[in-house]
Amino acid sequence: MIRVLLADDHGVIRDGLGRLIAALDDIELVGAAADGAEAVKLSAELGPDVVVMDLDMPGVDGIEATRRVLEDRPSTAVLVLTSFSDRPRILGAIEAGACGYLLKDAASEEVAEGIRAAARGESPLDPRAARTILTAQSEPDPAAGLSAREAEVLGLLVEGLPNKLIARRLEISEKTVKTHLTAIFRTLNVTDRTQAALWAERSGFVERRGARERP
461 MIRVLLADDH
471 GVIRDGLGRL
481 IAALDDIELV
491 GAAADGAEAV
501 KLSAELGPDV
511 VVMDLDMPGV
521 DGIEATRRVL
531 EDRPSTAVLV
541 LTSFSDRPRI
551 LGAIEAGACG
561 YLLKDAASEE
571 VAEGIRAAAR
581 GESPLDPRAA
591 RTILTAQSEP
601 DPAAGLSARE
611 AEVLGLLVEG
621 LPNKLIARRL
631 EISEKTVKTH
641 LTAIFRTLNV
651 TDRTQAALWA
661 ERSGFVERRG
671 ARERP
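Going by my numbering, the letters in the sequence shown line up with residues 461 to 675, in that order.
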């Protein structure tokens, strides 16, 4: 019997998935969480084989919850089930450790088979998610061209810090900050701070940097 924990902030979705699982002979619903923090807590308490994880939840979102669940229970499989098919969320979830990524417009049997596949150690992927991952793997990452210091400057830019505060935080001169920003804009092929910040958000740079900085 595959023991499943659901995590979704919409009660209708939780109820619908609960009924789907109740109708299956080989899958058991052991718990349901209304947000990411509760998903982490219930995963530790209940020890499910698979967590079916939404991404857009209040407080702790699905990507961070996935990371925390797997830090505590590496043997648990996290299967994302969400409405979002944008590149940053897909890559963020996979980098956090999710084994699969399905969309909520999938048929009931696809979801059930996705749970079974996750429990077997496989990686069920919606075709749109699979294409995004393959494209990301084949494309060079512009962020790889940034030096460690330039990545630090970009991270602080994303936080909204002006040049003066970036300089103070990194203990460098404002002139040096401007030099780094020029190099960052050239590497990312953008023209200003706003475009650089948007690139960082949309490309997953923020999530990847956050994951590296966590203890």
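Each residue gets a CB set at the ideal place from its N, CA and C atoms; glycine is no exception.
Can you look up Leu-616 in the DSSP assignment and give me helix, strand or coil?
Counted from its first residue, the sequence shown places residue 616 at position 156. In this structure, Leu-616 counts as helix in the three-state DSSP scheme.
Which runs of the beta strand (DSSP E) fall wholly inside the region 545-606 and span at least 3 residues, in chain order?
Qualifying beta strand (DSSP E) stretches, in chain order: 560-563.
Sufficient close CB pairs (3 or more, under 8 Å) joining the region 461-472 to the region 501-515
Yes, the region 461-472 touches the region 501-515.
Please say whether Arg-609 and Leu-621 have beta carbons closer to each other than 8 Å?
Within the sequence shown, numbered from 1, the residue matching residue 621 stands at position 161. Within the sequence shown, numbered from 1, the residue matching residue 609 stands at position 149. No Cβ-Cβ contact shorter than 8 Å links Leu-621 with Arg-609.
For the region 623-670, list the alpha helix (DSSP H) runs that are entirely contained and at least 4 residues long, ordered along the chain.
List check, alpha helix (DSSP H) in window: 623-630, 634-648 and 653-663.
Which listed residue (Ala-504, Gly-552, Arg-547 and Gly-476) has its alpha carbon closest to that of Asp-521
By 1-based counting over the sequence shown, the position of residue 521 is 61. Considering only alpha carbons, the answer is Gly-552.
Tell me, which residues are paired with Leu-541 by DSSP?
For the purposes of this step, residue 541 is identified with residue 81 of the sequence shown, where counting begins at 1. Beta-bridge pairing links Leu-541 to Leu-562.
Among residues of its own chain, excluding the 5 on either side of Ile-478, which ones have a beta-carbon nearer than 8 Å to its beta-carbon?
Within the sequence shown, numbered from 1, the residue matching residue 478 stands at position 18. This sequence places Gly at residue 478; Ile is not what is there. Setting aside the 5 residues that flank it on each side, Gly-478 is surrounded in the same chain by Leu-466, Leu-489 and Ala-492, each with a C-beta closer than 8 Å to its C-beta; the list follows chain order.
Ala-492 bridges to which residues according to DSSP?
Within the sequence shown, numbered from 1, the residue matching residue 492 stands at position 32. Paired residue(s): Leu-466.
Cutoff 8 Å; reference Gly-519; Cβ partners in own chain excluding five residues on either side:
The residue given as residue 519 occupies position 59 in the sequence shown. Here the set comprises Asp-495, Gly-496 and Ala-497.
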